[in-house]
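So the sequence shown is numbered by the numbering used here: it starts at 211 and just counts up by one.
Think of the CB as a built atom: it goes at the ideal place given N, C-alpha and C, for glycine as much as any other residue.
Just so you know, these numbers come straight off a predicted model, no measurement behind them.
Here the structure comes first, spelled out in C-alpha cells, and everything after it is commentary.
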Amino acid sequence: MQSIKEYGAVGDGVTLDQAAIQQAIDACHKGGGGTLYFPAGEYLTGTIRLKSHVILHLGNGAVLKASKQQQHYHYEDHNGREIGFLIMAMEASHIGIVGEGTIHGQGVEEITIAQNILPEYKFRRCTLMITGCQHVQLRGISILYSDYWTVHFKQCQEVVVDGVTIRNNMNRINSDGINPDSCRNVLIANCSITTGDDCIAFKTTEPVSCENIIVHSCFMNTLTYRGIKFGTETFGDFRNILISSCIIHSKGEAIGFFIKDGANADQIQFANIIINQEESQSNPILMDVERRYEDSAMGSIREVLLRDVQINATAPVLLQGCPDAGIENITFLNVSQRMLAHTKQQGRSKPTGTRFRTIRESDTQFASVEAYITAAYVNGLEVSGYRVVLDCGSVQAAPWKLISGHHLRHVRLTNMRLAPLQPVNEEELCEWIECEQVTIERGEIKNDECSN
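The following block contains the structure:
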C-alpha cells in the first residue's frame, strides 16, 4: 500500500491534487496494481480515472473533494446539459474505493425543477461514472452532497456496493443515489441512501439487459422521488432482481416501475420491505407499462412477487397495463397497507416517472379510482393475506373499495382483510369491470378490529 502523498498530493483542501492523484493511479496500474492510501486530509480534485487493479483506500478523516471549476473535468453533452465526472473508469477490472473516508461532491445548495433550467446549472458533476467495468467494489465509504447522479454503473459486471453511506441535499434535483444501468451480477447491501431524487434506479439506457441483482438491508430516504425505480429509460430487459429487508421513506412512489421503451421486467422480487409515506400523496407501489412515444415499442412487467411488505401511506397501490400488452402474474403475499388518510383521487393523473412529456401523461382513467388496490389490464393477479388497516386516529370510515379491477384475467383473492369496517359485503368491497376468471375464496374477506 502506497500513500498518495508520495506522489505529491498535499491534502490541504486548497491545492489542486488532481495531477498527483492521477499520476499515482497511472504508476500503480503500470506496476501491476495495488492500493493507494489517502491519509487524513482534504484532497481537492477534478476528474480522475481509475484503472485496472487499482484500489483507492480513503483513510479515516480523508476527504476527496470535488472542484467546482468546469475546466478541471472531463465532461460530455447529455440532452443539452454538460455532465462532468469526478471519478470515472472505462473498461477496467478489479477496481474500487474502500475505507472509512469521504467523497464530497460539493453539491450543497438546493436546486429545484425551475432552477434546473437556469444557465448556471447547465454544467453538473456526476460523482462516480463507471462504464464497461468488471469486478468493481465500493465499501465503507461515505459520499456526501453529490452535485448530480452519485453512482452510475453502466454495463458493468460483478459489482459490490457494501456499507456505503450516501447523503445528498434532499432538495437538489437529479442527485440520484445508485443507478445500475444495464449491469449484471450486482450486490448492493447495508447502505444508507438519502437523496434529492431517486435512491436506487435501475435503468437500461441501451438495449442491454440489467439482471442478477440483489439489494439487501438498505435504508432509502427521498423527499420527492422514488426509493426503488425501474426506468424510465427501459430499452433493455430487467431480470432476476431481488430487493429484500429494506426500509423506504419516500414522498414519491416508494416502488415504481415505469416501462416506456419496450423492455420486459421479469422475475422481480420484493421481500421484507417497510414503506413509510406519512406525508406523501404518491402511490406507494406503482407498476405502469406504456409507450413513451407513438412509435415506441411496448414492454411488459411479468412475474413480480411482493412478500411481507408493510405500507404506511395515504394513496392506493396502482397497477396499470395497456390493452395490447401489459402486466402478468403479479403476487402480493402478506402485505399490510396502513392508511393514515385518504388522498383525494378525483382528477388524479397517472405518475409518469419523468419530467419529459409522454403521450399518456394526462391519463386519469385508473389513477383516479377510489380503491386501495387498482389494477387494469393484468393477466394473472394473486392477492393473499393482504390487510388494509385504517388508522383510527385520522380515518373513521372506509370510503374506498378494497380492490378495483379493470380488464383483468385470472384473479385469485385469499384472506383479504379490512379494519375497521361495518360487516363485510363482497359486492361493496370489490368491483370487477370486464374481468374474467375471478376467484374469491368465500368467507375469506374479513373484517378486523380497529388499529390504533
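Backbone secondary structure at residue i - three-state DSSP
i	result
Ile495	strand
Ser596	In the sequence under discussion, the amino acid at residue 596 is Tyr, which differs from the Ser named in the question. Reduced to three states, the DSSP call for Tyr596 is coil.
Ala586	strand
Leu433	coil
Gln365	coil
Cys343	coil
Ile214	helix
Cys409	coil
Asp372	strand
Thr483	Sequence check: residue 483 is Ile here, not Thr. Residue state, collapsed to three classes: strand.
Cys428	coil
Leu639	helix
Lys470	coil
Gln477	strand
Pro633	At Pro633, the pLDDT of 44 sits below 50, so the modelled position is not reliable and the matter cannot be decided from this model.
Cys645	coil
Met508	coil
His459	strand
Ile453	strand
Asp227	coil
His263	coil
Ala237	helix
His616	strand
Assigned exposure category for residue i - 16 Cβ within 10 Å defines buried
i	result
Asn270	exposed
Leu298	First, the amino acid is wrong: residue 298 is Met here, not Leu. It is buried - the Cβ of Met298 has at least 16 other Cβ atoms within 10 Å.
Thr444	buried
Pro561	buried
Asn381	exposed
Met300	exposed
Ile327	exposed
Asn289	exposed
Gly387	buried
Glu463	buried
Gly218	exposed
Val396	buried
Gly317	buried
Ser572	With a pLDDT of 43 at Ser572, under the threshold of 50, the predicted position of this residue should be treated as unreliable, though the coordinate-derived value follows. Exposed, since its Cβ has fewer than 16 Cβ neighbours within 10 Å.
Ile323	exposed
Gln575	exposed
Ser559	exposed
Ile643	exposed
Pro526	buried
Gln547	buried
Lys187	Outside the modelled stretch of the chain, which goes from 211 to 662, sits residue 187, for which no answer is possible.
Asp357	buried
Met211	exposed
For residue i, the nearest candidate out of the options (CA to CA)
i	options	result
Asp471	Ile457, Phe248 and Gly446	Gly446
Gly531	Gln487, His616 and Asp476	His616
Ile540	Val621, Arg597 and Ile423	Val621
Ile650	Glu592, Asn493 and Arg597	Glu592
Gly251	Ile258, Gly242, Glu310 and Gln233	Glu310
His345	Phe467, Asn625 and Gly306	Gly306
Val425	Asn379, Thr404 and Ile398	Ile398
Gln347	Tyr283, Phe363, Ser460 and Ile410	Phe363
Val588	Asn422, Leu600, Val527 and Arg512	Arg512
Phe412	Lys215, Thr405, Ser427 and Arg436	Arg436
Asn422	Val369, Ala629 and Glu489	Val369
Ile484	Gln477, Pro494 and Ile478	Pro494
Lys461	Thr225, Thr553, Ile321 and Val224	Thr553
Ile340	Glu320, Thr312 and Val371	Val371
Lys275	Ile321, Lys240, Gln228 and Pro609	Gln228
Leu254	Gly244, His282, Gly242 and Thr245	His282
Thr257	Ala272, Pro249 and Gln233	Gln233
His314	Ala581, Thr375, Ser303 and Tyr331	Thr375
Whole-Å CB distance - residue i paired with residue j, under 8 angstroms assumed
i	j	result
Lys261	Ile231	Actually they do not touch by this definition, with Cβ atoms about 12 angstroms apart.
Thr524	Gln491	6 angstroms
Ile451	Val499	In fact, because the Cβ distance is near 17 angstroms, the residues do not count as touching under 8 angstroms.
Cys645	Ile613	So it is not a contact: roughly 11 angstroms between Cβ atoms.
Gly350	Gln365	Contact doesn't hold; Cβ gap of about 25 angstroms is too wide.
Asn522	Asn486	5 angstroms
Asp407	Thr432	7 angstroms
Val308	His263	That pair is no contact at about 14 angstroms.
Cys336	Ile383	At roughly 14 angstroms, the Cβ-Cβ gap does not stay under 8 angstroms, so Cys336 and Ile383 are not in contact.
Ala585	Leu529	4 angstroms
Leu354	Arg377	5 angstroms
Phe429	Ile457	5 angstroms
Gly509	Ala473	5 angstroms
Val545	Leu516	6 angstroms
Asn389	Val361	7 angstroms
Q: Let me know the beta strand (DSSP E) ranges lying completely inside the segment 511-580, each 3 residues or longer, listed in chain order.
A: Counting only runs of 3 or more, we get 527-530 and 537-549.
**Q.** Residue ranges of each beta strand (DSSP E) within the segment 289-353, 3 or longer
**A.** DSSP runs (the beta strand (DSSP E)) wholly in the segment 289-353: 291-300, 303-309, 312-314, 333-341 and 344-349.
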